[in-house]
Structures are given as structure tokens and as C-alpha cells.
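First residue of the sequence shown: 2, per the working numbering; consecutive thereafter. Using N, Cα and C, we set each Cβ at its ideal position, and we do this for glycine too. None of the values given here were measured: they were computed from a predicted structure. Only one structure is covered here, and it is reproduced in the block below.
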Amino acid sequence: TLEDYNRFDVTSRLRGLYVPCHHYEKDDGDEGDDSSSDGPLKPSPHGDTYMLFTKPLNFQSKLPAGKEVHFLVGFSNKGDKEFVLDTMDASFRYPMDFTFYIQNFTTIGYNKVVKPKQQATLSYSFFASESFSARPFGLAVNLRYRDADGNAYQDAVLTIETCW
């Protein structure tokens, strides 16, 4: 289980650094009925996420410029329905305005089913360009998932200001 690992619990260890982050979709002009347009997606109360950086080891707040960054995201289904972990993405954001993207990283599709009272782990990695080494940025990691009823959720697994 995730409890057996030295996990990086964002909600307790980074309290004060955690900033809500929402994924903003570009309006495609479709005027059709969109019942899910009640604002930004929120996390489900029946799911918990945890994060563990495996590269660099002992991550505090500095990412290595020009090197691979690798982390694992754990998801615990605390509810009575299945969840499907759809996609995860990461991006660098302007630290004073998290709606301003500096660099997007790949959105990875997982389509991983997590049964009730079960856990799953997802892997993600990217290279932090050396051209960003002189400035602080915000790192945002978003996990999108849905429940068995088709309700969509998004969890800002990690949203912190990073230094180099």
C-alpha cells in the first residue's frame, strides 16, 4: 500500500504551499447544452491522491535544470463506486498567476480502473529545460478521473512554486 512508502502527502506536508489549480479549456464556441459547465472540475470527496518524487531524490522545492523529473501519483478510492483515472498532465505556470502557462508537458492517458477501497499508482516524467534555470515557476500536476456514473473530477495533485 502507499502507507508502506515514504510518500509525499501534499495536503499535509505542503500546507500553505498548496494552491488550488484548475484546468481551463479553450472555448470552442459550441453553443450546445453542456451540463458539466458548472465551473472548474473539483476533486471527488471519495478519492485521495499522494505524490512521491523519485527523481530528484529528496525533493524539497528545487528541480534540476536539464535533467529528468520523475514522480509517482497514488490514488486511493475511499468510495463505493469504481473510478477511472483518465489522464494526468503537468505544466510550468507563472507563479503570480497560475492561469498563465509557461510550458505544457505531455498529457498521458491511463484509463486505469480503481475498484472501491483499492489503490492505484501512476508514473509521470518530464525534462526540465535548462532555459528555465534562472527563474522560479509554478509546477502544476493535474489528474482527471471519473466515477462509475460518468461524473468527471480533477485533482490538482501538486501545485507549488519551484526554484532551480
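With DSSP as the reference, please indicate the residues paired to residue i in a beta bridge.
i	result
ASN105	SER92
ASN78	GLY48
LEU58	DSSP lists no partner for LEU58.
ASP87	Its beta-bridge partners do not exist; DSSP assigns none.
For the beta strand (DSSP E) containing residue i, list its first residue and its last residue.
i	result
SER124	120-128
ASP148	138-148
Could you check which residue in the options has the C-alpha nearest to that of residue i?
i	options	result
LYS68	PHE60, GLU131, LYS82, LYS79	GLU131
ILE161	GLN120, GLY110, ASP98	ASP98
LEU86	ASN105, ILE109, TYR95, ALA66	ILE109
ASN112	THR100, TYR95, GLU83	GLU83
LYS63	LEU159, GLY151, THR100, PRO137	PRO137
Taking all protein chains shown into account, decide if residue i is buried (16 or more other Cβ within 10 angstroms of its Cβ) or exposed.
i	result
THR107	exposed
SER45	buried
ALA149	exposed
TYR102	exposed
PHE76	buried
PHE128	exposed
ALA91	buried
ALA153	exposed
Thinking C-beta only, is residue j closer than 9 Å to residue i?
i	j	result
LYS56	SER126	yes
THR50	LEU144	yes
LEU42	VAL74	no
GLY48	ASP156	yes
HIS71	PHE93	no
ASN78	GLN120	yes
MET52	VAL115	no
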